[in-house]
Amino acid sequence: MEQQKFAIDKDRLGQRRAALEILRLRLKEDFVGIDEIIDSLLDYIQVWYLMPEVLTRPIIVCLWGMTGVGKTDLVRRLVQHLDFQERFAEVELGNTDQTTYFSSVNAILKSNGLVDSRPAIVLFDEIQRFYTIEPDGSPVQVTKFNDFWELLSDGRLAKREKEDFDYYISDFMFNQRQRNRRPPGEPVPPEDPSQDTIGIWEARNLKKMLELEEDVLDIAEMSKKQMLDIIIEAKSRRRVFEPIDYSQMLILISGNLDEAFQMATHTSDSEVDADIYHAFTKKITAVDIKNALTRRFRPEQVARFGNIHLIYPSLRKADFESLIRKEVGKIVGRTEVRFNVKIHISDNVFALIYRNGVFPVQGVRPVFSSVTDILETNLSKFLFECLNDGSDSFSIDYDNEGKKISAQIGSRKVEIPFVGRIDKIRQGNIADVVANVSVHEAGHAVAYVTLFGIAPLQLKSKVASSYASGFTFPHEIYETKENLLKKIKVFLAGGLAEELVFGDENATVSRSNDREHVTMLAMDYIRRHGFDERYQANYTLEYGFSMDKNATDKDVEAMISGIVKDTRALLAKHLDFLLDLSRVLNEKGSMDAKDVAEVAARFNLPAAIKEEGYLHLPGYQDKLG
Numbered sequence: 015m016e017q018q019k020f021a022i023d024k025d026r027l028g029q030r031r032a033a034l035e036i037l038r039l040r041l042k043e044d045f046v047g048i049d050e051i052i053d054s055l056l057d058y059i060q061v062w063y064l065m066p067e068v069l070t071r072p073i074i075v076c077l078w079g080m081t082g083v084g085k086t087d088l089v090r091r092l093v094q095h096l097d098f099q100e101r102f103a104e105v106e107l108g109n110t111d112q113t114t115y116f117s118s119v120n121a122i123l124k125s126n127g128l129v130d131s132r133p134a135i136v137l138f139d140e141i142q143r144f145y146t147i148e149p150d151g152s153p154v155q156v157t158k159f160n161d162f163w164e165l166l167s168d169g170r171l172a173k174r175e176k177e178d179f180d181y182y183i184s185d186f187m188f189n190q191r192q193r194n195r196r197p198p199g200e201p202v203p204p205e206d207p208s209q210d211t212i213g214i215w216e217a218r219n220l221k222k223m224l225e226l227e228e229d230v231l232d233i234a235e236m237s238k239k240q241m242l243d244i245i246i247e248a249k250s251r252r253r254v255f256e257p258i259d260y261s262q263m264l265i266l267i268s269g270n271l272d273e274a275f276q277m278a279t280h281t282s283d284s285e286v287d288a289d290i291y292h293a294f295t296k297k298i299t300a301v302d303i304k305n306a307l308t309r310r311f312r313p314e315q316v317a318r319f320g321n322i323h324l325i326y327p328s329l330r331k332a333d334f335e336s337l338i339r340k341e342v343g344k345i346v347g348r349t350e351v352r353f354n355v356k357i358h359i360s361d362n363v364f365a366l367i368y369r370n371g372v373f374p375v376q377g378v379r380p381v382f383s384s385v386t387d388i389l390e391t392n393l394s395k396f397l398f399e400c401l402n403d404g405s406d407s408f409s410i411d412y413d414n415e416g417k418k419i420s421a422q423i424g425s426r427k428v429e430i431p432f433v434g435r436i437d438k439i440r441q442g443n444i445a446d447v448v449a450n451v452s453v454h455e456a457g458h459a460v461a462y463v464t465l466f467g468i469a470p471l472q473l474k475s476k477v478a479s480s481y482a483s484g485f486t487f488p489h490e491i492y493e494t495k496e497n498l499l500k501k502i503k504v505f506l507a508g509g510l511a512e513e514l515v516f517g518d519e520n521a522t523v524s525r526s527n528d529r530e531h532v533t534m535l536a537m538d539y540i541r542r543h544g545f546d547e548r549y550q551a552n553y554t555l556e557y558g559f560s561m562d563k564n565a566t567d568k569d570v571e572a573m574i575s576g577i578v579k580d581t582r583a584l585l586a587k588h589l590d591f592l593l594d595l596s597r598v599l600n601e602k603g604s605m606d607a608k609d610v611a612e613v614a615a616r617f618n619l620p621a622a623i624k625e626e627g628y629l630h631l632p633g634y635q636d637k638l639g
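In the numbering used here, the protein residues as written are 15 to 639.
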């Protein structure tokens, strides 16, 4: 069959190409820190926007990232700037009945008027709520949204509307028969015009099903006989039963996929340094995403997501600072336009917002909340004083010592006592708890420094938690036999440091999460990796049978017990380093790699300062020769 030829409108093509470049600039103005994501997205959708006629399958682009990074907002802005609001559907799939009234993608697209083959955009958001495999690997009996995979496969969905037409025809025929059934001699009742016309609701549905060009209001005024003729004619051509070709559709899929962003679990609190967290999120690749997808979907389903995976990195410190200044600038600009008053914001205020609003693991949402809480809430009070004084400008500052936010209005200073909500929580950390946490985290750090020769990226003991649960953020450690044993010691060292400094009777249950990691590493060491010479089979397999894991339990326990003794000895050997580091951390509440290295140097211990993206691994190249 000869393929249909189409003419290339060079003027239209040039206009759309220019529109894409304008869109690129607008999106980069709208969003901070995702220029690479924007560039990649527009490059991938270029053929869809410029020449959709050449497509034989829909374009599928997947957007992945932690919560609050702006995935959904980016799609909505894209739709807005492209003026595709009338050709856009936003869908949340899920395995529960609470997610949506509909049970098929076809029904959702139909409800949004997307029942033809013209270019359109659909966003499948929060895809992590949809899965076909349980965490244990067993299949899920999914009855909803099975046609999602059909759409991803070839871009065709059956209309499944035959019954709608048959119902309309049978209903018309029934009414006609009832009208003709009258006693002999009884006159034919006059026709009721309101009963003979289609009506708005039916007109809307029939316009979609038949792809009519007429306006809905015009269709509503048609007689049922007229519409019946149109339906019969459409049925004779069988056009209404053919699948809709969505090959010119842009399909955008977004989700969090926490399985791929496992570095978030390194922090018991969300206060990890933004640049550190950014470096770890930058390492996530499309392979990591596909591995995460295989935990939720069958292999053939994973393949249907395609290979276009755009992975959002966490924002850097500079990005967060730029975002804060941008949001504050909007408020200052609106105030000047509305009230003809200029406002200057000091660096202390920006630092206050950052300190209380930046939690890299949580994305940008806390930033917006912090700007509102700190600036907008107090701005109205200062603005009233300014207008009352007849001034046309004022400056806002924050006194870190006095805990006051102030406005300089002419020669007068207006002050409001203010402590940031997160600052208040940090200040409320109980001193004894902070001391305990400092020793715990210092224990991790001492083991890390002495075993790997590297200073950890960050230590925290004063955090936004009333219970002051701290964390130690490490580098990536290549998992060799030796390194697994060292990692076990690092995990154990926190709780053992508490025992050594405070007495074992005063050690806390904060070690429980550490012990979980220790146990999993030890089990993998023996059961999975074959590092114990006595157990060379893989005791984790579940292919129709199960290995007797009880056989390895005593060895797992013996292994951990032996490492506990070694770790105690390691901490006792470096007790002075442990105590000194604990005291510094207790005082400062937070330490970076440079701070840790300085303390280690006092005891002649090498603690190399490595960048966030550093991977610690043996020198295999040198060993190879």
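Beta carbons: idealized from backbone N, C-alpha and C, even for Gly.
### Task
Using alpha carbons as the reference points, say which of Asn-564, Arg-542, Asn-305 lies closest to Leu-555.
Arg-542
### Message
According to DSSP, simplified to helix, strand and coil, what is Ser-282?
### Response
Confidence in Ser-282 is poor, its pLDDT being 45 and thus under 50, which makes the residue's placement unreliable; the coordinate value appears in the next sentence. Ser-282 falls in the coil class under three-state DSSP.
### Query
Quick one: is Leu-629 buried, meaning 16 or more other Cβ sit within 10 Å of its Cβ, or exposed?
exposed
### Message
Please identify the residue among Val-316, Arg-582, Gln-99, Ala-217 whose C-alpha is closest to the C-alpha of Ile-74.
### Response
Val-316
### Message
At the level of alpha carbons, what is the spacing between Gly-84 and Asn-520?
### Response
45 angstroms
### Task
Under 8 angstroms Cβ to Cβ from Ser-131, same chain only, skipping five residues before and after it: list those, please.
Ile-258, Asp-259, Tyr-260, Ser-261, Gln-262
#### Entry: Simplified DSSP assignment, three categories, for Ile-147
strand
### Message
If you follow the beta strand (DSSP E) that Phe-487 is in, where does it begin and where does it stop?
### Response
485-487
### Query
Any chance the CB of Ala-456 is under 7 angstroms from a heavy atom of the ligand FAD?
In the structure shown, the ligand FAD is absent, as is every other ligand, since no ligand is present at all.
### Query
Is the stretch 139-148 touching the stretch 122-130 in the sense that three or more CB pairs, one from each, lie closer than 8 angstroms?
no
### Query
Applying the criterion that 16 or more other CB atoms from any shown protein chain within 10 Å of the CB defines a buried residue, is His-588 buried or exposed?
buried
### Message
I need the DSSP call for Ser-268, collapsed to helix, strand or coil.
### Response
strand
### Task
Tell me the start and end of each unbroken alpha helix (DSSP H) in the stretch 24-70 that is at least 4 residues and wholly inside, in chain order.
24-44, 49-64
### Contact under 8 angstroms by Cβ, Phe-724 with Ala-288
Residue coverage of the chain in this structure runs from 15 to 639, which leaves residue 724 outside it and unanswerable.
### Message
For a test of the three-state rule: what should DSSP assign to Ala-469, helix, strand or coil?
### Response
coil
### Query
Which residues share a DSSP beta bridge with Val-75?
Leu-266
### Rounded separation between Cys-76 and Thr-308 - CA only
15 angstroms
### Message
Using a 10 Å radius around the Cβ and a threshold of 16 neighbouring Cβ atoms, would you call Ile-22 buried or exposed?
### Response
exposed
### Message
Assuming contact is defined by CB atoms lying nearer than 8 angstroms, are Ala-306 and Leu-271 in contact in what I supplied?
### Response
yes
### Task
Could you please give the first and the last residue of the uninterrupted alpha helix (DSSP H) stretch that includes Ile-577?
564-587
### Task
Report yes or no: do the stretch 383-394 and the stretch 429-440 share at least 3 C-beta pairs separated by less than 8 angstroms?
yes
### Query
Going by beta carbon distance, what residues of the same chain come within less than 7 angstroms of Asn-497, once the five residues before and after it are set aside?
Ile-491
### Query
Among Glu-625, Asp-168, Ala-507, which residue has its Cα nearest to the Cα of Lys-579?
Ala-507
### Message
Out of Asp-232, Pro-149, Leu-56, Ile-122, which one is the CA nearest neighbour of Gly-3?
### Response
Past the edges of the chain, shown from 15 to 639, lies residue 3, and the structure says nothing about it.
#### Entry: Bounding residues of the beta strand (DSSP E) (the contiguous stretch that carries Asp-139)
134-139
#### Entry: Range of the contiguous beta strand (DSSP E) that encloses Arg-426
426-431
### Task
For Arg-170, name the three-state secondary structure that DSSP assigns.
strand
### Task
Inspect the CB distances between the stretch 441-461 and the stretch 513-527 and report whether three or more fall short of 8 angstroms.
yes
### Query
Mind checking whether Ile-36 and Phe-45 have CB atoms under 8 angstroms apart?
no
#### Entry: Proximity below 8 angstroms, CB of Val-375 to CB of Val-286
yes
#### Entry: DSSP bridge partner residues for Glu-106 (one or two, in chain order)
Asp-139
### Task
Tell me where the alpha helix (DSSP H) around Tyr-260 begins and ends.
No alpha helix (DSSP H) contains Tyr-260, which DSSP labels as neither H nor E.
### Query
Helix or strand or just coil, what does DSSP make of Pro-327?
coil
### Message
Please list the terminal residues of the continuous alpha helix (DSSP H) segment that includes Ala-511.
### Response
495-516
### Query
In this structure, does DSSP put Ile-444 in helix, strand or coil?
coil
### Task
Locate the beta strand (DSSP E) running through Tyr-412, then write down its first and last residues.
407-413
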